[in-house]
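Asks:
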Amino acid sequence: MQIFFDDRQCLHNPARELHNGDWTDYYESADRARKIAGTVGAATAPADFGEGPIAAVHAPEYLHFLKTAMTRWREAGRSGDAIGYVWPIVRRRALEFGRIDAELGQYSMDASTPISDSTWEAAYWNAQCAVAAAHTVLSGEKSAFALCRPPGHHAGRDYLGGYCYLNNVAIAAQHALDQGRSRVAILDVDYHHGNGTQDIFWRRGNVLFASLHADPRTDFPFYWGHADERGEGDGAGATLNYPLPRGTTIEPYRSALSQALKKIEASAPELLLVSFGADTFALDPISHFELQREDYAVIGRDIAALGLPSVIVMEGGYDLDALGDNTTEFLGAF
Ligand code: Q9C
Ligand code: ZN
Numbered sequence: 001m002q003i004f005f006d007d008r009q010c011l012h013n014p015a016r017e018l019h020n021g022d023w024t025d026y027y028e029s030a031d032r033a034r035k036i037a038g039t040v041g042a043a044t045a046p047a048d049f050g051e052g053p054i055a056a057v058h059a060p061e062y063l064h065f066l067k068t069a070m071t072r073w074r075e076a077g078r079s080g081d082a083i084g085y086v087w088p089i090v091r092r093r094a095l096e097f098g099r100i101d102a103e104l105g106q107y108s109m110d111a112s113t114p115i116s117d118s119t120w121e122a123a124y125w126n127a128q129c130a131v132a133a134a135h136t137v138l139s140g141e142k143s144a145f146a147l148c149r150p151p152g153h154h155a156g157r158d159y160l161g162g163y164c165y166l167n168n169v170a171i172a173a174q175h176a177l178d179q180g181r182s183r184v185a186i187l188d189v190d191y192h193h194g195n196g197t198q199d200i201f202w203r204r205g206n207v208l209f210a211s212l213h214a215d216p217r218t219d220f221p222f223y224w225g226h227a228d229e230r231g232e233g234d235g236a237g238a239t240l241n242y243p244l245p246r247g248t249t250i251e252p253y254r255s256a257l258s259q260a261l262k263k264i265e266a267s268a269p270e271l272l273l274v275s276f277g278a279d280t281f282a283l284d285p286i287s288h289f290e291l292q293r294e295d296y297a298v299i300g301r302d303i304a305a306l307g308l309p310s311v312i313v314m315e316g317g318y319d320l321d322a323l324g325d326n327t328t329e330f331l332g333a334f
């Protein structure tokens, strides 16, 4: 299986995050990508597909913000990483601000996703990996893996959050549609709900979004991922959420997965994109499911049994010791 990874993705390197009221080391470290890259096998650097595929998903004002945020943060006399502290919870609208702190709130959903000096460059090459993986599968390969880091599924059209800046899987899916595919499905098996992906395709009937995740009543991102969220307009019924309780083991996980897979199959997509997170692992430091290493091969085989051309995009997973092995187990099925 072809694997895409670019060393520049490791340039993004925030120092700390706000975690349960304390400042802790940043969980979404560059070492995550190095661990995965060191275990899954040889990776190729992606070709440069340019900004077009990114701009097909994200708002121009948001991309401008991401590219210039650090310069403006420094101009404001700040050291360290850029983090917002106030959010427009009501009447969020397209106001124009001169102050970086106002824009950080406008273009983010949380305080645990700092922008560091090379965030844009890292996120850019990260997105190129997703496009390259899609390109590979559109060109006839059965599957490809985009070793994305930072992850993407919490990032919406015009906001960052949950360690995510550009929505890699959405960019890959949109690229496939722009290359002539008419129906695609995205299956999100990260521990956390993929709110950004859901938002981006909420009104789209040609992109089925199905997600298995920790119940948002107890887990991040809280405000999305509830079972009654089904999409709207042309997208009504094309969003499917399977919230699962903390402590979920492989048996209940597989039964929810089989429901999601049946819906995906019934929608007859030409391409499957998988947002893969290994933070469903029992020993993950910020998550609360109970999956074991061997379960990733089982889940991978269940998904691969659809027989669809598949683009796998890396999302979360924070136990550095197991991350490479769990990802390898999963990919082995494709
Ligand atoms: N405990 C992904 O796995 N962390 N994102 C909140 C407070 C947010 C995880 C910090 C977790 C986001 C892609
Ligand atoms: Zn996650």
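Residue numbers are given in full-length UniProt numbering: position 177 of the sequence shown equals residue 177, and the series is strictly consecutive.
Heads up, the beta-carbon is just placed ideally off N, CA and C, and yes, glycines get one too.
These numbers were taken from a predicted model, which means no experiment stands behind them.
When the Cα of residue 356 is compared with those of Glu96, Trp224 and Ala47, which residue comes out closest?
Replies: The question about residue 356 has no answer here: the residues shown for the chain are numbered 1 through 334.
Asks: My understanding is that Gly324 touches Asp279, with C-beta atoms under 8 Å, so please give their C-beta distance in whole angstroms.
Replies: Actually they are not in contact, since the Cβ atoms of Gly324 and Asp279 sit about 14 Å apart, beyond 8 Å.
Asks: Can you say whether Tyr191 is buried or exposed, counting buried as having 16 or more other CB atoms within 10 angstroms of its CB?
Replies: Burial call: buried.
Asks: List the residues that DSSP assigns as beta-bridge partners of Cys164.
Replies: DSSP, once it has assigned bridges, lists Gly161 as partnering Cys164.
Asks: Quick check on Met70: does DSSP put it in helix, strand or coil?
Replies: The answer is helix: DSSP assigns Met70 an H, G or I state.
Asks: Pick helix, strand or coil for Asp325, following the three-state DSSP scheme.
Replies: Three-state result, Asp325: helix.
Asks: Rounded to whole angstroms, what is the Cα-Cα separation between Thr68 and Thr249?
Replies: Straight-line Cα distance between these residues: approximately 43 Å.
Asks: Excluding the 5 residues preceding and the 5 following Trp87 in the sequence, name in chain order all residues of the same chain whose CB lies nearer than 6 Å to its CB.
Replies: Closer than 6 Å at Cβ, skipping near neighbours: Gly105.
Asks: Quick check: what's the CA-CA separation for Ser310 versus Arg78?
Replies: Spanning the two alpha carbons is a distance of roughly 43 Å.
Asks: Considering only the alpha carbon of each residue, which of Pro114, His58, Leu95 and Ala56 lies closest to Asp25?
Replies: For Asp25, the nearest C-alpha among the options comes from Pro114.
Asks: Can you determine whether any heavy atom of the ligand ZN sits closer than 6 Å to the C-beta of Phe194, and answer yes or no?
Replies: Residue identity check: residue 194 is Gly in the sequence provided, not Phe. For the ligand ZN, not one heavy atom lies less than 6 Å from the Cβ of Gly194.
Asks: Which stretch, first to last residue, makes up the alpha helix (DSSP H) that contains Asp31?
Replies: Unbroken alpha helix (DSSP H) run through Asp31: Ala30 to Val40.
Asks: Check whether the Cβ atoms of Phe281 and Leu271 lie closer than 7 Å to each other.
Replies: Not a contact, by the Cβ cut-off of 7 Å.
Asks: Say the cut is 6 Å; is the CB of His19 nearer than that to a heavy atom of the ligand Q9C?
Replies: Yes, the beta carbon of His19 sits closer than 6 Å to at least one heavy atom of the ligand Q9C.
Asks: Any heavy atom of the ligand Q9C closer than 6 Å to the CB of Pro245?
Replies: Outside the cutoff, so no.
Asks: Flag Gly156 as yes when its Cβ comes closer than 6 Å to any non-hydrogen atom of the ligand Q9C, and as no otherwise.
Replies: No, the Cβ of Gly156 stays beyond 6 Å of every heavy atom of the ligand Q9C.
Asks: Go through its chain and collect everything with a Cβ distance to Thr39's Cβ below 6 Å, but skip five positions before and after it.
Replies: These residues qualify, in order along the chain: Gly324 and Thr328.
Asks: With contact counted as at least three CB pairs below 8 Å, one residue from each stretch, are the stretch 232-251 and the stretch 164-174 in contact?
Replies: No contact exists between the stretch 232-251 and the stretch 164-174.
Asks: Got a sec, what are the start and stop residues for the beta strand (DSSP E) Thr113 sits in?
Replies: Counting along the chain, Thr113 falls outside any beta strand (DSSP E), and DSSP gives it neither H nor E.
Asks: Tell me which same chain residues have a C-beta within less than 8 Å of the C-beta of Ala227, skipping the five on either side of it?
Replies: Taken in chain order, the residues that qualify are Asn241, Tyr242 and Pro243.
Asks: Three or more C-beta pairs closer than 8 Å, one from the stretch 42-58 and one from the stretch 179-190: is that the case here?
Replies: At 8 Å Cβ cutoff, the stretches do not touch.
Asks: Should Ala132 go down as buried or exposed, given a rule of 16 or more other Cβ atoms within 10 Å for buried?
Replies: The residue is buried, with at least 16 neighbouring Cβ atoms inside 10 Å.
Asks: Between the Cα of Ser143 and the Cα atoms of Gln9, Leu273 and Ile299, which residue gives the shortest distance?
Replies: Closest option to Ser143, Cα to Cα, is Leu273.
Asks: Need the endpoints of the alpha helix (DSSP H) that Asp302 sits in, please.
Replies: Residues Arg293 to Ala304.
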